[in-house]
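The numbering used here applies: residue -2 is where the sequence shown begins, and numbers increase by one.
The structure appears right after this line, and notes come after that.
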Amino acid sequence: MACSLIVCYSTFGGIKSVTMTDVLQFAILIVVIPLVASVAITEVGGLAKVFSNPNLTYHFHILSHQKFDEYIALFLFMVIPLVIFQPHLIQRYLMAQNHNQLSRITYIYSFLSFALIFIVVCMAFSALKLFPNIEPKAVIPTIIDNLLPPFMKGVAISGMIAVIMSTADSSLNSAGILIAHNVFPEKCFNTEIGKLNLMKVSTLITGALGIFISLQNYNIVSLLVITSLLLVSSIGIPLLFGLLKFKVSKESFWVCNLVSIISFLAAEEIGIPNFSIPIIIALLGFISFISTHIIQNRCIAFVDPKTPKKKKNIKFNIIPLIKIISKYLPTPKNIYQYSNDKVKRYGANYLMFGIFCCINYVVPYFMWTYQEPTHYLVMLGLRLFAGMLCVGLLMKDYWPEKLKHYFPLYWYFTLMYCLPFVTTVMLIILEAHYEWLINLTLSIMLLTMLVDWLSFILISLAGMLFGFLFYELIIGDAILPADFETIYLSIYVYLFASLIGILFARPKELNSEERLEAMQLFGGAIAHEVKTPLATINMGAQYISLLAQKVIDKKKAMSSIAEKDNTLKALQETCILLKKASIEGISTVDRLLTSLKAMIIAQDKDEYSIKECLEETIKDFMVSTESLGKVNINIENDIIFHGSKHYIKHVLYNLFSNALKHGGSNVEIDIWSEDQKLYFKDYGKGISGEDLPHIFERFYTKSSKGTGIGLSFCKMVMEEMGGTLECRSELGKYTEFILKFE
-2 MACSLIVCYS
8 TFGGIKSVTM
18 TDVLQFAILI
28 VVIPLVASVA
38 ITEVGGLAKV
48 FSNPNLTYHF
58 HILSHQKFDE
68 YIALFLFMVI
78 PLVIFQPHLI
88 QRYLMAQNHN
98 QLSRITYIYS
108 FLSFALIFIV
118 VCMAFSALKL
128 FPNIEPKAVI
138 PTIIDNLLPP
148 FMKGVAISGM
158 IAVIMSTADS
168 SLNSAGILIA
178 HNVFPEKCFN
188 TEIGKLNLMK
198 VSTLITGALG
208 IFISLQNYNI
218 VSLLVITSLL
228 LVSSIGIPLL
238 FGLLKFKVSK
248 ESFWVCNLVS
258 IISFLAAEEI
268 GIPNFSIPII
278 IALLGFISFI
288 STHIIQNRCI
298 AFVDPKTPKK
308 KKNIKFNIIP
318 LIKIISKYLP
328 TPKNIYQYSN
338 DKVKRYGANY
348 LMFGIFCCIN
358 YVVPYFMWTY
368 QEPTHYLVML
378 GLRLFAGMLC
388 VGLLMKDYWP
398 EKLKHYFPLY
408 WYFTLMYCLP
418 FVTTVMLIIL
428 EAHYEWLINL
438 TLSIMLLTML
448 VDWLSFILIS
458 LAGMLFGFLF
468 YELIIGDAIL
478 PADFETIYLS
488 IYVYLFASLI
498 GILFARPKEL
508 NSEERLEAMQ
518 LFGGAIAHEV
528 KTPLATINMG
538 AQYISLLAQK
548 VIDKKKAMSS
558 IAEKDNTLKA
568 LQETCILLKK
578 ASIEGISTVD
588 RLLTSLKAMI
598 IAQDKDEYSI
608 KECLEETIKD
618 FMVSTESLGK
628 VNINIENDII
638 FHGSKHYIKH
648 VLYNLFSNAL
658 KHGGSNVEID
668 IWSEDQKLYF
678 KDYGKGISGE
688 DLPHIFERFY
698 TKSSKGTGIG
708 LSFCKMVMEE
718 MGGTLECRSE
728 LGKYTEFILK
738 FE
């Protein structure tokens, strides 16, 4: 009766029923099944007792079992990722809105699969402890019936029914669609209603056949093997060739299926060992499919045949391979380049981290409970060195200019030492005390907030490895906690702290990356659409201006009356204005695209004068601005810098633009130099103390018209050249930028 209801539900509910039961199944798998497992584990006495001395004698012997060869072959066969050939999973993949959603769902599905398998294993071992003689198929019903309170029994039973219905109706719906499209002729698909009715009939017939097979009392493992074999032959092989862009036909599909079925029946009749049947069927199905394909097409045919190219002699060269591998080796050069790229892309919140860790490592831990100080001098030395590293972060602005290039490397080393390294050593010294497990959790979550996920993994693994080696070499043999509870708690703390940090800190990082990528794509599209007509206008204006000048010159030569005719002169002046406007439009687009770049790649690096750059920037700025306000320039000693003139002009242009935008067209600007520093001070409305620490962050803006990318890019330009960009401001009085050159 229950099976009949499921068949009817799948037949008449269609894809809507699949969607609804999938949602319910997900809720049950996430909530109810873990709760049932938790009750069973608690009843046994915890995970330590669940996996301690399991009584497996009654159920199976592994190595000495008489069917060990068959079981190991079955295990290897099931390890093959046949799940990708499951029709109901393919149906769900096709329901995804885009490839990004599909990729994200696949990752989540993979993670949840491991978690679900672990939960099911825990339930099975708990059942063995509580009910030693229990049959495998009765594990979950027995736990629900004997251990759950009454109010949870109904929820759990409803949940299990939902899981069964979801799996069954997905498979039945997929089977109905496959049969309708591959068995019946295309004449049956004249109308959408006819197609729908045909699919319903196919689903009903498939469900009835499934009920009949289930009533025959077959072994469930044998049925799983048979269905897996049918999936490989009927779905897997055609799908594989389809993904490889082979031309797949119904004839090759049916020949593959018939050969597989006949091979299976013949193997059973002859008495071939069961563990070799899957290999034989898969091999024969593959051969039959490719043979039918070649006979039909008289060659290997692809969906989009391309012109065959002459084969080239391919010589294996090991040198490029060595170069590729060397890029990923942890050499000093690669580590320096990696840290430099990551800091440029994600930034380094070194100031707040330095202050926090100086307090955290130098000031005694008043909140910790008292313990006998084992290896007190080692602990004191670790804290002292950590504090000194953090002081180095705070003194970054006073570093020699040549050493500032290595700051990203110093930043990553400080993170590795202060967080995973010190925490690992302390954890081993204090034998995984609860307070240091809490410290481990906080360290992990702090690290996930400071770096990207890949750097988090590398820094964490390196810090823990070096911490363990340090203990072994300096202190002695590391005595790790042997009790199950401490090991379990340590793994739990590390795993879930990492997941929480990555899951909740990573979206912010992805959001910034996607926003920047979208702006770059959008900017590129605008550049293509805007620069082309502007360039056309510029060329046209120059041509018209040239013609007008020739006409004026001819008329001047012919008659003096032409000098009073202002029409051509007005036309010439208009062309000059169009030329200036088009040049300014092109330069504006170039500046916006430059600001969107994530990395600085300058083609014009050389020795330049800051005074010359400043004069050219003011000249360019005056093209589109009638008034620049009062600009006072006092550069007695010119600054000669090595870098990009194009990018420095972009920085200066951005500072002028911000001064006029926030201070008005009559704002007063003072520019002067001292040593290798250029000071740019405008007496506008200033910046509040709340906003000042964030003005160089990408996408940070308080203006509805701003993008938040200008000043962040300016800072990136200065740091790329080995300099710095700082800002001082007082609200309502002034804003001062200091450009320090190397």
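Glycine residues also receive a C-beta, built at the ideal position from the N, C-alpha and C atoms.
_Short of 7 Å in beta carbon distance, which residues of its chain neighbour G683, apart from the five on each side in sequence? Order them along the chain._
Along the sequence shown, one-based indexing puts residue 683 at 686. Cβ within range, chain order: S726, E727, L728, G729, K730, Y731, T732.
*By DSSP, does D142 sit in helix, in strand, or in coil?*
Residue numbering aside, residue 142 sits at position 145 when the sequence shown is read from its first letter. The answer is helix: DSSP assigns D142 an H, G or I state.
*For the region 664 to 672 against the region 629 to 646, are there 3 or more C-beta pairs whose distance is under 8 Å?*
yes
_Alpha carbon of K551 to alpha carbon of L575, nearest angstrom_ = Counted from its first residue, the sequence shown places residue 551 at position 554. Counted from its first residue, the sequence shown places residue 575 at position 578. Cα to Cα, the separation comes out at about 24 Å.
*asked:* Looking only at its chain, what residues have a beta carbon closer than 8 Å to the beta carbon of S495, apart from the 5 residues adjacent to it on each side?
replied: Numbered from its first residue, the sequence shown carries residue 495 at position 498. Here the set comprises I441, T445, F453, S457.
*Compute the beta-carbon to beta-carbon distance between A153 and V136, rounded to the nearest angstrom, for a pair I have assumed lies under 8 Å.*
The residue you call residue 153 lines up with position 156 of the sequence shown. The residue you call residue 136 lines up with position 139 of the sequence shown. Their Cβ separation, rounded to whole angstroms, is 13 Å, which puts A153 and V136 out of contact at 8 Å.
*What are the residues that DSSP puts in a beta bridge with H691?*
Translated into positions along the sequence shown, residue 691 becomes position 694. H691 is not bridged to any residue.
*Which of helix, strand or coil does DSSP assign to H178?*
Position 181 of the sequence shown holds residue 178. It is helical.
*Assign G719 to one of three DSSP states: helix, strand, or coil.*
Residue mapping note: residue 719 aligns to position 722 of the sequence shown, counting from 1. Coil at G719, not helix or strand.
*Helix, strand or coil: how does DSSP classify E739 here?*
The residue labelled residue 739 in the question sits at position 742 within the sequence shown. Coil at E739, not helix or strand.
*L447 to Y605 span [Cα, whole Å]*: Counting from one through the sequence shown, the residue named residue 447 turns up at place 450. Counting from one through the sequence shown, the residue named residue 605 turns up at place 608. Distance between the alpha carbons of L447 and Y605 is about 36 Å.
*Whole angstroms is fine: what's the gap from K126's alpha carbon to Q63's?*
One-based indexing of the sequence shown puts residue 126 at position 129. One-based indexing of the sequence shown puts residue 63 at position 66. Those two C-alpha atoms are separated by around 26 Å.
_Beta-carbon proximity list for L427, same chain, < 6 Å, skipping 5 on both sides_ = For the purposes of this step, residue 427 is taken as residue 430 along the sequence shown, with counting starting at 1. The answer, listed in chain order, is W433.
_In the DSSP output, which residue or residues are listed as bridge partners for F677?_
Translated into the one-based positions of the sequence shown, residue 677 becomes position 680. The partner list for F677 (beta bridge, DSSP) reads I668, F734.
*Could you work out which residue in I27, D142, K737, L175 is closest to V117 when comparing CA atoms only?*
For this step, residue 117 is matched to residue 120 along the sequence shown. Considering only alpha carbons, the answer is I27.
*Roughly how many whole angstroms lie between the Cα atoms of A34 and E40?*
Within the sequence shown, numbered from 1, the residue matching residue 34 stands at position 37. Within the sequence shown, numbered from 1, the residue matching residue 40 stands at position 43. Their Cα atoms are separated by approximately 10 Å.
*asked:* Which residue wins for smallest C-alpha separation from F48, given the options E687, M120, K242?
replied: Numbered from 1 along the sequence shown, position 51 holds the residue referred to as residue 48. Checking every option, the nearest Cα to that of F48 belongs to M120.
*Alpha carbon to alpha carbon, what distance is there between Y489 and G473?*
Position 476 of the sequence shown holds residue 473. Position 492 of the sequence shown holds residue 489. Computed Cα separation, rounded: 27 Å.
_Backbone secondary structure at Y325 - three-state DSSP_ = Taking the sequence shown and counting its residues from 1, the one referred to as residue 325 is at position 328. DSSP places Y325 in coil when its eight states are reduced to three.
*If you drop the 5 nearest sequence neighbours on each side, which residues of the same chain put their C-beta closer than 7 Å to that of Y347?*
In the sequence shown, counting from the first residue as 1, residue 347 sits at position 350. Once the five neighbours on either side are set aside, the close Cβ partners of Y347 are L390, K393, W408.
*Which whole-angstrom value describes the C-beta separation of T289 and S230, a residue pair presumed to lie in contact below a C-beta threshold of 8 Å?*
Taking the first residue of the sequence shown as 1, we reach residue 289 at position 292. Taking the first residue of the sequence shown as 1, we reach residue 230 at position 233. So it is not a contact: roughly 13 Å between Cβ atoms.
*How would you write the range of the alpha helix (DSSP H) that H647 sits in, first residue to last?*
Working through the sequence shown from its first residue, we reach residue 647 at position 650. It spans 642 to 660 - the alpha helix (DSSP H) in which H647 sits, taken as one unbroken run.
*Would you check if the distance between the CB atom of S155 and the CB atom of A177 is smaller than 8 Å?*
The residue labelled residue 155 in the question sits at position 158 within the sequence shown. The residue labelled residue 177 in the question sits at position 180 within the sequence shown. Contact: no.
*Enclosing beta strand (DSSP E) for S288 [first to last residue]*: Indexing the sequence shown from 1 puts residue 288 at position 291. Where S288 is concerned, there is no enclosing beta strand (DSSP E), although the alpha helix (DSSP H) it sits in stretches over 274 to 294.
*asked:* Let's see if you can read the secondary structure: which residues bound the alpha helix (DSSP H) around K247?
replied: Locating residue 247 in the sequence shown gives position 250, where the first residue counts as 1. Here the alpha helix (DSSP H) through K247 covers 247 to 267.
_N-terminal and C-terminal residue of the alpha helix (DSSP H) that S606 is part of_ = In the sequence shown, residue 606 corresponds to position 609, counting from 1. Segment 602 to 606 is the beta strand (DSSP E) holding S606; no alpha helix (DSSP H) there.
*Using the Cα positions of Y158 and N143, report the straight-line distance between them to the nearest angstrom.*
For the purposes of this step, residue 158 is identified with residue 161 of the sequence shown, where counting begins at 1. For the purposes of this step, residue 143 is identified with residue 146 of the sequence shown, where counting begins at 1. Per the sequence presented here, residue 158 reads as Ile, with Tyr not at that position. About 18 Å.
*For my contact list, T411 and F465 are in at a C-beta cut-off of 8 Å; report their separation, rounded to the angstrom.*
On the sequence shown, residue 411 is found 414 positions in, with the first residue counted as 1. On the sequence shown, residue 465 is found 468 positions in, with the first residue counted as 1. About 20 Å; that fails the 8 Å criterion.
*Should K324 be listed as close to the ligand MN, given that the test is whether its C-beta is under 7 Å from any heavy atom?*
The ligand MN is not part of this structure, which contains no ligands at all.
*By a C-beta neighbour count over all protein chains shown, 10 Å radius and 16 as the cutoff for buried, is G720 buried or exposed?*
To locate residue 720, count along the sequence shown from 1; it is residue 723. Classification for G720: buried.
*Report back the beta-carbon spacing between G460 and F418 to the nearest angstrom; my notes put them in contact at under 8 Å.*
On the sequence shown, residue 460 is found 463 positions in, with the first residue counted as 1. On the sequence shown, residue 418 is found 421 positions in, with the first residue counted as 1. At roughly 4 Å, the Cβ-Cβ gap stays under 8 Å, so G460 and F418 are in contact.
*Are I284 and S260 closer than 8 Å when you measure CB to CB?*
Locating residue 284 in the sequence shown gives position 287, counting from the first residue. Locating residue 260 in the sequence shown gives position 263, counting from the first residue. Cβ distance not < 8 Å, so I284 and S260 don't count as in contact.
*Where does E633 fall in DSSP's three states?*
As a first step, residue 633 must be located in the sequence shown, where it is residue number 636. Looking at E633 - three-state DSSP - the assignment turns out to be coil, as it is neither helix nor strand.
*So, helix, strand or coil for E428, using DSSP?*
Locating residue 428 in the sequence shown gives position 431, where the first residue counts as 1. In the structure shown, E428 sits in coil (DSSP, three-state: anything other than H, G, I, E or B).
*Alpha carbon to alpha carbon, how far is F800 from I38?*
With the chain running from -2 to 739 in the structure shown, residue 800 is simply not present.
_Using only CA atoms, which one of G239, G233, D166, L241 lies nearest to A205?_
What you label residue 205 is simply residue 208 of the sequence shown in a count that begins at 1. It is D166.
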